[in-house]
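First to last, the sequence lines map onto chains A and B. Going by the UniProt record's numbering, the letters in the first sequence line up with residues 1 to 496, in that order. Going by the UniProt record's numbering, the letters in the second sequence line up with residues 1 to 159, in that order.
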Amino acid sequence: MDGSNSNPNGNTRRGTGASFMDPTVNVWDEHHQQHHHPILPQHQAPLEHQHQHDPASVTSDHQQQLAQHQTPSAAYDVAVTTAGPADAGLPPISLHGELAYHDPELQRLSQNYTPDVSGPVVGELKSSKELVIEYSNADPAFARKTQALLPKYAAYRKIRGDGNCGWTAIAFGFFEQLLKLGDVNRIGMEHARVASLNGLLSMAGIASYIYEDFTEVTFDLFKIMAAGKVDVAALVNYFNDESCSNAIVMHFRLITSAWMKNRVDSYQPFTEKPLLDYVATHVDPFGVEIDHLALMAMCDCLILPAGFAVEVGYLDRSATAEVNFHRFNKDGSEITPPDMPVIRLLYRPGHYDILYKVEEPELHPVLHMQAVQPVQPVQHVQSFISAIPENLFMPTPAANHGYHDLFDPLQMGFDPYPASSPGLGNFRHSMLSLPEFQPAPFQPLPFQTTTFRNSPFNPSHFQSENFQPEIYQPPVSPTTSSNGSKKHDRHASDSS
Amino acid sequence: MENAKPTHVDGAVGKRLQTELMQLMMSATDGISAFPRDGNLLSWTATIKGPIDTPYEGLTFKLSLDFPSNYPMSPPSIMFTTPMFHPNIDMAGRICLDILKDRWSAVLNVQSILVSLQSLLAEPNNKSPLNGQAAELWDKDPKEYKRLLMLRHREADDI
């Protein structure tokens, strides 16, 4: 499919039947070679594919064919593009290709060149080390920059170089970030927002039956995401169904196109072409790579209003030590909230992949503070425990999960009413909490009355001369034992 | 036309082309028609009537449209099957029109293509001709232009 884009004559040639035996047929080829020279995106496409997918197959032949097909203004791009790993051992070629320029054989080869587009639309997450390895033998600038990329950006996701990679990368990044937020309401809001942009398409004069074929696919994705049926792996699969990713890319192209046409004054300063021409040749046609202006417009209308930022790292041969990052922010502000989701792209001349930052470790102390609060029993401890400043109970991180068990007074053997606490029987906290003891033989007396119990004649009364605290046992009361002991405590302190 | 019922084409392409066919039949544009050929939804035959006040007035032209399997992401390939004499159409019927190449957009459709072709007949782009002779004669010698056109022209029924 993308072959037909990079080789605009392909389709038209087909069907040139033998019935037309016409000597002027050759005019077609010549006409189109001249006519389509200035259209760069289509002719750049093959470079991108070659470069990305099979670096080893890039021969100097190919490069000459392609180079001679560029206008001089495009020569820089060629120079940068061909500086990939595959070219490390090759002698520099004549970029302007003066000799080759009029060679009809090379012209023909170049015209018929169909890029080899293979692999998934959106690849699996891979370690950035693969980038380093890929460029280890390349130009020192590439090797240095990929190496510098590694500590900060641990992973990347390869996007297929079919001419839509920039569009695909941002669209995928958008849905991936939305998914990672895990907020159904947010997904619903984004669904509504993107749906509202359909008004732009209608304003641009596009019939609804035409755009709905594309927009419905996007909205279906929103719906299944909101229903919780999608994880990142499922999202990758969704994008790898070409009919789905094509429709989403086309949807986003149409929105961007209508958005730009609606704001000619804002975007015209960025291009020398009349803006409508720019949109017709760089945004509308499927399979034409996104460039900076289109990327900016796409972010403005689709990504930034979602509260996301977009960062593009430019991996090129410039003299800097690291990959330069450019950030697309809402209203051009430089400050981004730290928790703002960021879609990160890695740009290599003619191609975009998605880059992932090393996740920052979560801040544990915040979690501990929250964990301490629900532990209520501490407040009920009436004795020495309550005198201890509460922050003594701040657990060490290691004890976090065990905190509740360890410090629950009941489970530790502390009773909120320590007078009857059997675990601390030999420990006298204070005079007030001295437990009463009574020799076992004297207790219980069957004819006890309140008056008797409170009198010194009661051997379990602390004023009794027979009172022996060491062998004191709480009396068995008619109610439960714990109630009985409580009652007894109150009585004991009253009588003291 | 009963036997020419289009065969089913899978997926989005079929859906889109069926909708386009329905739209074309429901809102007929003057001087334009198109219908799938031999029951194949991916190849259509279209006719355009020559615009008035041009050398093409009163003539009818046939075209063939072949849709790629990823239509509308890629444009259909379109040729005049009626022999043509026009600056931007070569002797084999191939057309040089930007919207069929680098300015193709998925929002274009059969109807808008045919309308564009109709206006191309009325307003050729003589700066980048496929047929140099036609480009030269267009302004210089309308009579000779018409004569050469009629020399090549065959009415649709005769083909």
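For glycine and all other residues, C-beta sits at the position ideal for the given N, C-alpha and C.
Residue(s) in a DSSP beta bridge with residue i
i, result
"I354(A)", "R157(A) and L345(A)"
"A280(A)", "The partner list for A280(A) (beta bridge, DSSP) is empty, contrary to what the question assumes."
"F325(A)", "G313(A)"
"S127(A)", "A155(A)"
"M79(B)", "S64(B) and R94(B)"
"I89(B)", "H86(B) and I95(B)"
"V122(A)", "I159(A)"
Burial state of residue i (16 or more Cβ within 10 Å)
i, result
"S245(A)", "buried"
"P36(B)", "buried"
"S202(A)", "exposed"
"K180(A)", "exposed"
"N137(A)", "exposed"
"residue 539(A)", "Summary: the structure shown does not reach residue 539(A), with chain A confined to residues 1 through 496, and so no result is reported for it."
"S208(A)", "exposed"
"S460(A)", "buried"
"V194(A)", "buried"
"F67(B)", "buried"
"R157(A)", "buried"
"T29(B)", "exposed"
"T81(B)", "buried"
"E130(A)", "exposed"
"S455(A)", "exposed"
"G58(B)", "exposed"
"N131(B)", "buried"
"G11(B)", "exposed"
"A192(A)", "exposed"
"V232(A)", "exposed"
"R160(A)", "buried"
"L235(A)", "buried"
"N466(A)", "exposed"
"D213(A)", "buried"
"F457(A)", "exposed"
"G313(A)", "buried"
"A34(B)", "buried"
"P452(A)", "It should be pointed out that residue 452(A) corresponds to Phe in this sequence rather than to Pro. With fewer than 16 other Cβ atoms within 10 Å, it is exposed."
"A227(A)", "exposed"
Residue i to residue j span [Cα, whole Å]
i, j, result
"D101(B)", "E216(A)", "Here residue 101(B) is Lys; the residue named in the question, Asp, does not match the sequence. One C-alpha to the other measures close to 27 Å."
"G39(B)", "R344(A)", "48 Å"
"G14(B)", "L151(B)", "39 Å"
"M25(B)", "R16(B)", "14 Å"
"D300(A)", "K330(A)", "7 Å"
"M84(B)", "K146(B)", "11 Å"
"A135(B)", "F222(A)", "53 Å"
"N262(A)", "V279(A)", "11 Å"
"Y135(A)", "I354(A)", "17 Å"
"Y267(A)", "D183(A)", "34 Å"
"L21(B)", "T45(B)", "12 Å"
"H86(B)", "S27(B)", "29 Å"
"M340(A)", "E311(A)", "12 Å"
"F239(A)", "N185(A)", "23 Å"
"F142(A)", "L346(A)", "13 Å"
"L293(A)", "L200(A)", "19 Å"
"R154(B)", "S77(B)", "22 Å"
"P91(A)", "A309(A)", "Any answer about P91(A) is weak, because its pLDDT of 41 lies below 50 and its placement is not dependable; what the coordinates show is given next. Going by the C-alpha atoms only, they are around 41 Å apart."
"F285(A)", "Y211(A)", "Note on residue identity: the sequence assigns Pro, not Phe, to residue 285(A). Answer to the nearest angstrom: the Cα atoms are 14 Å apart."
"T146(A)", "Y352(A)", "15 Å"
"H282(A)", "D90(B)", "28 Å"
"M298(A)", "T256(A)", "5 Å"
"T271(A)", "V288(A)", "17 Å"
"E176(A)", "P337(A)", "19 Å"
"L276(A)", "S105(B)", "13 Å"
"L148(B)", "L65(B)", "26 Å"
"E242(A)", "L109(A)", "29 Å"
"N198(A)", "L178(A)", "20 Å"
"V230(A)", "R317(A)", "39 Å"
Query - Sequence ranges, beta strand (DSSP E) only - wholly within the segment 24-77 of chain B, length at least 3 - result: 32-37, 40-49 and 60-66
Requested in this report: Can you check the segment 172-223 of chain A for any alpha helix (DSSP H) of at least 4 residues that lies completely inside it and give the ranges in chain order?
Outcome: 184-196 and 198-203
Query raised in the report: Below 8 Å, can you find three or more Cβ-Cβ pairs linking the segment 117-125 of chain B to the segment 43-55 of chain B?
Result: yes
Query raised in the report: Are the segment 248-263 of chain A and the segment 152-169 of chain A touching, with three or more C-beta to C-beta distances below 8 Å?
Result: yes
Query raised in the report: Is the segment 294-312 of chain A in contact with the segment 116-127 of chain A, if contact means three or more CB pairs nearer than 8 Å?
Result: no
Query raised in the report: Touching or not, the segment 100-114 of chain B and the segment 60-74 of chain B, by the rule of three or more beta carbon pairs under 8 Å?
Result: yes
**Report entry** Cβ contact check for the segment 317-327 of chain A and the segment 147-154 of chain A: 3 or more pairs under 8 Å
**Finding:** yes
Report task. Within the segment 244-299 of chain A, note down every full alpha helix (DSSP H) run reaching 4 residues or more, in order along the chain. Result -> 264-267, 275-278 and 292-298
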